[in-house]
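**Student:**
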Amino acid sequence: MRILLVEDDPTTSRSIELMLTHANLNVYSTDLGEEGVDLAKLYDYDLILLDLGLPDMNGHEVLRQLRMARIDTPILILTGSDDTEDKLKGFGFGADDYMTKPFHREELVARIHAIIRRS
3 MRILLVEDDP TTSRSIELML THANLNVYST DLGEEGVDLA KLYDYDLILL DLGLPDMNGH
63 EVLRQLRMAR IDTPILILTG SDDTEDKLKG FGFGADDYMT KPFHREELVA RIHAIIRRS
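Positions 3 to 121 (our numbering) are the ones given, in order, by the sequence shown.
1) Could you give the distance in angstroms between the alpha-carbon of ALA42 and the alpha-carbon of ILE73?
2) How close, in whole Å, do the beta carbons of SER15 and ASP40 come, if the pair is a contact with beta carbons under 8 Å?
3) Specify the secondary structure class of ASP99 as computed by DSSP and reduced to three states.
4) Along the chain, which unbroken stretches of the alpha helix (DSSP H) at least 4 residues long are found entirely within the stretch 35-112?
5) Where ALA25 and HIS106 are concerned, what is the direct C-alpha to C-alpha distance, given to the nearest angstrom?
6) Give every residue of the same chain whose Cβ lies closer than 6 Å to the Cβ of ASP48, excluding the five residues on either side of it in the sequence, and list them in chain order.
7) When you compare only the Cα positions, how much space is there between TYR30 and VAL64?
8) Given this structure, state the Cα-to-Cα distance separating PRO57 from ASP11, to the nearest angstrom.
9) Measure the Cβ-Cβ separation of VAL8 and ILE50 and say whether it is below 8 Å.
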């Protein structure tokens, strides 16, 4: 399964890449929202893991642009914000799930498999 990771923190990104690779998932990553949008338009992924706090654009804007471009790849927001408004906005723009950092590895992998299974 192919996962696109859009995460700006290099330590977090590397940790997630290692954890998902260990779970037999192929991970492609970028630290920029604009590049994430471009990659999602160019290639087929089974799921997109999206952080909200990106340096070039807000993750909600990335999500909005993807859905406006009719990219229907499932999106799991993975962010440090547990603010209810951020969650509602994410689901309103078309996110399939929302997890806050820190998270448990097993839960993230289980959610990824559940979302992909339903899609």
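Glycine included, every Cβ here is placed at the ideal spot set by N, Cα and C.
**Tutor:** So, to answer that:
1) 7 Å
2) The Cβ separation is near 18 Å, so there is no contact.
3) strand
4) 35-44, 61-70 and 86-94
5) 13 Å
6) MET3, ARG4 and ILE118
7) 16 Å
8) 10 Å
9) yes
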